[in-house]
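Novice: The sequence shown runs 0 to 465 under numbering that gives the first Met the number 0.
Please find one structure pasted underneath; my questions will follow.
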Amino acid sequence: MSRNKIQFGRPKSRKVKLSELNLDIDNLSLEGRGVAKHAGKTIFVDGALPGENVRVKITKQHKSYDEASIVDIQSASPARITPACQHYNHCGGCQLQHLAPSAQLQHKQSAVLSLLQHMAKIIPVEIADPLRADAFNYRRSARIGVNRLSQSGTVIVGFRRRHSSKLLQISKCIVLPEYLSGLFDQLRSTLEQIENAKAITHIEYLQGDDCGALTFRCKATLSAKSQALLSNMLKKFKLQGFLRYDRGIEPLAGNSAALSYSINELQLNFEPGDFLQVNAAVNRQMVDRAMDWLVLNDTDHVLDLFSGLGNFSLPIANKVAQLVGVEGSDTMVQRATGNATNNNIDNCRFYQSDLSVDIKNHPWFAQSYNKIILDPPRSGAQQLIHNLIKGNGNSEGQSPSHILYIACDPSSLARDGQLLTSLGYQMQKFCVMDMFPNTAHIEAMALFCKITEQPKARRASKLIPH
Ligand SMILES: C[S@@+](CC[C@H](N)C(=O)[O-])C[C@H]1O[C@@H](n2cnc3c(N)ncnc32)[C@H](O)[C@@H]1O
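Below you can see the structure in the form of structure tokens.
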């Protein structure tokens, strides 16, 4: 006769037998994984594409969904291509290199449109062509990880591995500019020579039109000899070098050029640590389209919220009566103000405010604006819109005719779009922007216009050409 044992503490986790399955992939998730259904459960398959039949191995089981990896592709999608990067299968940086660039963009557009329709019941009146540029060599900012292995002294320089916080040794990254091929090997061999490489936690890369910069994040002061080794290495790539300590940023010896980029015939300066739109070519198109959609004229009073270093504000200021930019970072407010002065623009003013809290006592809020740009971080601007826009019990605030929303998170766009709709706005124009080709990251732009009567929504039919 068996006796029941009394068990104290947590029951031992039972090892689940992870089986192999054959699946038809129906869809692509927002983060770029193939989606299939099996026995009523959703399964996310890494690297699988819609239309494919794949043999998969379940890697993780959850209550409402499972995760799987491909064992074999039984029938491949015509949109599948061979990834161009030698590190693609292991690196966490790109998620969509196995999908043709035009199909990536088609996926991004339909993913946002579907989210807008299902989450917010929004169908844009007009869907404009996506903004796109080259799928490689586009990145003008990146964070490069550094880890010196204690036992061997080997230095790993690279990006996080896929689904892991561990670093992958990278020798070439093809979404960075071509002239930086060779940089990773040089960084690694230099960091292996310096005395206190363990003090460097990561490197921030920023690229201007004429030169770029690497900023080494340091936990302890680097010796003069280590600094000289870094400076010499950077000279080969004509890169400026900086050390970022808790006490502030210090330039490495030999720095000469200022960092800047041009947009709309203006020159915008930036410094290490500043926010820069990642893709220069798509950024130029985005600013041009923003100005076009806002139908700017010399009587407009424009409010640019989350204005950064003046990327939208300064080109726009040249076309309107007055521009006010608001930004949370003091440094960026100073940068935008300096950029206005350097470009002889005197009809704009920049204010520092935390836009996630109540804004009603701020001096810029008391003025009236007929056009507003919102370019929030991923969390979006729900509370800000509540505080900013008149309506729904809010008697103070703005009643602009146009609101241009730049979205780096489609769910935030859907949620905030729904709120704007409830405040009497209609999504008049929409487009996706291929700011981060080959990654699952989706950026979109939407123009909301104030309506007086109920809108007649039209079904969007524009498709992206292959
Ligand atoms: C997506 S960036 C856009 C910058 C600028 N519009 C551009 O195109 O370069 C978002 C900006 O919002 C600022 N920001 C983030 N959180 C904020 C907050 N709570 N209040 C005000 N600004 C904030 C950041 O400093 C950053 O400059």
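Cβ coordinates follow ideal geometry from the N, Cα and C atoms, glycine included.
Note that the coordinates shown come from a computational prediction; the quantities given were computed from them, not determined experimentally.
Does the beta carbon of Met331 fall short of 7 Å from some heavy atom of ligand 1?
Specialist: For the purposes of this step, residue 331 is identified with residue 332 of the sequence shown, where counting begins at 1. Yes, since a heavy atom of ligand 1 falls inside the 7 Å radius drawn around the Cβ of Met331.
Novice: Confirm the yes/no value for this check: CB of Leu446, any heavy atom of ligand 1, distance under 7 Å.
Specialist: To locate residue 446, count along the sequence shown from 1; it is residue 447. Answer for Leu446: no, Cβ out of range of ligand 1.
Novice: Please confirm whether any heavy atom of ligand 1 lies closer than 7 Å to the CB of Gln276.
Specialist: Taking the sequence shown and counting its residues from 1, one reaches residue 276 at position 277. With a cutoff of 7 Å, Gln276 counts as near ligand 1, since its C-beta is closer than that to a heavy atom of the ligand.
Novice: Looking only at its chain, what residues have a beta carbon closer than 6 Å to the beta carbon of Lys59, apart from the 5 residues adjacent to it on each side?
Specialist: Counted from its first residue, the sequence shown places residue 59 at position 60. Glu66.
Novice: Going along the chain, which residues of its own chain have a beta-carbon closer than 7 Å to the beta-carbon of Cys448, five neighbours each way excluded?
Specialist: Reading the sequence shown from its first residue, position 449 is the one you call residue 448. The residues are Ser400, His401, Tyr424, Gln425 and Gln427.
Novice: Output the distance between the C-alpha atoms of Ile344 and Ser312, rounded to the nearest integer angstrom.
Specialist: For the purposes of this step, residue 344 is taken as residue 345 along the sequence shown, with counting starting at 1. For the purposes of this step, residue 312 is taken as residue 313 along the sequence shown, with counting starting at 1. The alpha-carbon atoms of Ile344 and Ser312 are separated by roughly 10 Å.
Novice: Note down the Cα distance separating Arg142 from Ala289, rounded to an integer number of angstroms.
Specialist: Reading the sequence shown from its first residue, position 143 is the one you call residue 142. Reading the sequence shown from its first residue, position 290 is the one you call residue 289. Distance between the alpha carbons of Arg142 and Ala289: 28 Å.
Novice: Assign Ser163 to one of three DSSP states: helix, strand, or coil.
Specialist: For the purposes of this step, residue 163 is identified with residue 164 of the sequence shown, where counting begins at 1. In the three-state reduction of the DSSP assignment, Ser163 falls in the coil class.
Novice: Taking the alpha-carbon of Ile405 as reference, which of Leu422, Ala75 and Asp433 has the nearest alpha-carbon?
Specialist: Within the sequence shown, the letter at position 406 stands for residue 405. Per the Cα distances, Asp433.
Novice: List, from N- to C-terminal side, the alpha helix (DSSP H) runs of 4 residues or more that fit wholly inside the segment 243-302.
Specialist: 279-292
Novice: So what's Met466 in DSSP terms, helix, strand or just coil?
Specialist: No information on residue 466 is available, as it lies outside the stretch 0 to 465 that the chain covers here.
Novice: Where do the ends of the alpha helix (DSSP H) carrying Ile315 lie?
Specialist: For the purposes of this step, residue 315 is taken as the residue at position 316 of the sequence shown. From DSSP, the alpha helix (DSSP H) with Ile315 extends over Ser312 to Ala316.
Novice: So Ala38 and Asp25 are in contact, right, with Cβ under 8 Å, and what is the actual spacing, rounded?
Specialist: Position 39 of the sequence shown, counting from 1, holds the residue named residue 38. Position 26 of the sequence shown, counting from 1, holds the residue named residue 25. Not really, about 15 Å apart at Cβ, beyond 8 Å.
Novice: Where are the beta strand (DSSP E) runs, 3 residues long or more, that stay fully inside the segment 194-227, in chain order?
Specialist: Taking only runs of at least 3 residues, the beta strand (DSSP E) segments lying wholly in the segment 194-227 are 199-206 and 211-217.
Novice: Can you tell me which of the three DSSP states Val111 falls into?
Specialist: Here the question's residue 111 lines up with position 112 in the sequence shown. Helix, per DSSP.
Novice: Does DSSP put Lys466 in a helix, a strand or coil?
Specialist: Only positions 0 to 465 of the chain appear in the structure, and residue 466 is not among them; the question remains open.
Novice: Looking at ligand 1, does it come within less than 7 Å of Leu403, judged from the CB to the closest heavy atom?
Specialist: Residue numbering aside, residue 403 sits at position 404 when the sequence shown is read from its first letter. No, the beta carbon of Leu403 sits no closer than 7 Å to any heavy atom of ligand 1.
Novice: According to DSSP, what are the bridge partners of Gln397?
Specialist: Working through the sequence shown from its first residue, we reach residue 397 at position 398. Gln397 is bridged to Ile388.
Novice: Mind checking Tyr178: buried by the 16 CB within 10 Å criterion, or exposed?
Specialist: For the purposes of this step, residue 178 is taken as the residue at position 179 of the sequence shown. Classification for Tyr178: exposed.
Novice: When you compare each of Gln266, Val145, Phe274 and Gln185 to Cys217 by their alpha carbons, which one comes out closest?
Specialist: Within the sequence shown, numbered from 1, the residue matching residue 217 stands at position 218. When each option's Cα is compared against that of Cys217, the closest is Val145.
Novice: Do Asp408 and Arg377 have their CB atoms nearer than 8 Å?
Specialist: Here residue 408 corresponds to residue number 409 of the sequence shown, with the count starting at 1. Here residue 377 corresponds to residue number 378 of the sequence shown, with the count starting at 1. Yes, they are a contact pair.
Novice: Would you give the residue range spanned by the beta strand (DSSP E) that Val145 belongs to?
Specialist: Residue numbering aside, residue 145 sits at position 146 when the sequence shown is read from its first letter. In the DSSP assignment, Val145 falls within the beta strand (DSSP E) that extends over Ser140 to Arg147.
Novice: Assess, as a yes-or-no matter, whether the segment 98-106 is touched by the segment 70-85 under the definition of 3 or more beta carbon pairs within less than 8 Å.
Specialist: yes
Novice: With distance defined between alpha-carbon atoms, name the residue in Lys234, Arg283 and Asn317 nearest to Asp299.
Specialist: One-based indexing of the sequence shown puts residue 299 at position 300. Residue Asn317 is the option with its Cα nearest to Asp299.
Novice: Please classify His162: is it buried, with 16 or more other beta-carbons within 10 angstroms of its beta-carbon, or exposed?
Specialist: As a working mapping, residue 162 is identified with position 163 in the sequence shown. With fewer than 16 other Cβ atoms within 10 Å, it is exposed.
Novice: What do you get for Gln150, buried or exposed, if any count of 16 or more other CB atoms within 10 angstroms of its CB means buried?
Specialist: Within the sequence shown, residue 150 is the residue found at index 151, counting from 1. Result: exposed.
Novice: Quick check: what's the CA-CA separation for Arg383 versus Ser352?
Specialist: By one-based count along the sequence shown, residue 383 stands at place 384. By one-based count along the sequence shown, residue 352 stands at place 353. Checking the sequence shown, residue 383 turns out to be Leu, not Arg. Those two C-alpha atoms are separated by around 12 Å.
Novice: To the nearest angstrom, how far is it from the Cα of Asp128 to the Cα of Ile388?
Specialist: As a working mapping, residue 128 is identified with position 129 in the sequence shown. As a working mapping, residue 388 is identified with position 389 in the sequence shown. Using only the alpha carbons, I get a separation of about 29 Å.
Novice: Grab the span of the alpha helix (DSSP H) containing Asp329 for me, first residue to last.
Specialist: Walking along the sequence shown from the start, residue 329 turns up at place 330. Taken as a continuous stretch (DSSP letters only), the alpha helix (DSSP H) holding Asp329 covers Asp329 to Asn341.
Novice: Going straight from the alpha carbon of Val281 to that of Arg160, what length do you get?
Specialist: For this step, residue 281 is matched to residue 282 along the sequence shown. For this step, residue 160 is matched to residue 161 along the sequence shown. Computed Cα separation, rounded: 27 Å.
Novice: Using only alpha-carbon positions, find the residue among Glu264, Lys370, Thr420 and Arg348 that is nearest to Ile450.
Specialist: Here the question's residue 450 lines up with position 451 in the sequence shown. Comparing Cα positions, the closest option is Thr420.
Novice: Val70 to Ala198, Cα distance in whole Å?
Specialist: Looking up residue 70 in the sequence shown gives position 71. Looking up residue 198 in the sequence shown gives position 199. About 41 Å.
Novice: Roughly how many angstroms lie between the CA atoms of Val356 and Asp245, to the nearest whole one?
Specialist: In the sequence shown, the residue the question calls residue 356 occupies position 357. In the sequence shown, the residue the question calls residue 245 occupies position 246. The alpha-carbon atoms of Val356 and Asp245 are separated by roughly 27 Å.
Novice: Our contact map puts Phe158 next to Gly92 with C-beta atoms below 8 Å; I'd like the distance itself, whole angstroms only.
Specialist: Numbered from 1 along the sequence shown, position 159 holds the residue referred to as residue 158. Numbered from 1 along the sequence shown, position 93 holds the residue referred to as residue 92. About 5 Å separates the two Cβ atoms, so the contact holds.
Novice: Would Phe236 pass as a contact of Leu182 if the rule is Cβ separation under 8 Å?
Specialist: Residue mapping note: residue 236 aligns to position 237 of the sequence shown, counting from 1. Residue mapping note: residue 182 aligns to position 183 of the sequence shown, counting from 1. Their beta carbons are under 8 Å apart, which means Phe236 touches Leu182 by this criterion.
Novice: Among the residues of its own chain, which have a CB less than 8 Å from the CB of Phe135, if the five just before and after it don't count?
Specialist: Here the question's residue 135 lines up with position 136 in the sequence shown. For Phe135, where only same-chain residues beyond five positions count, the Cβ hits under 8 Å are Ala83, Ile173, Val174, Pro436 and Asn437.
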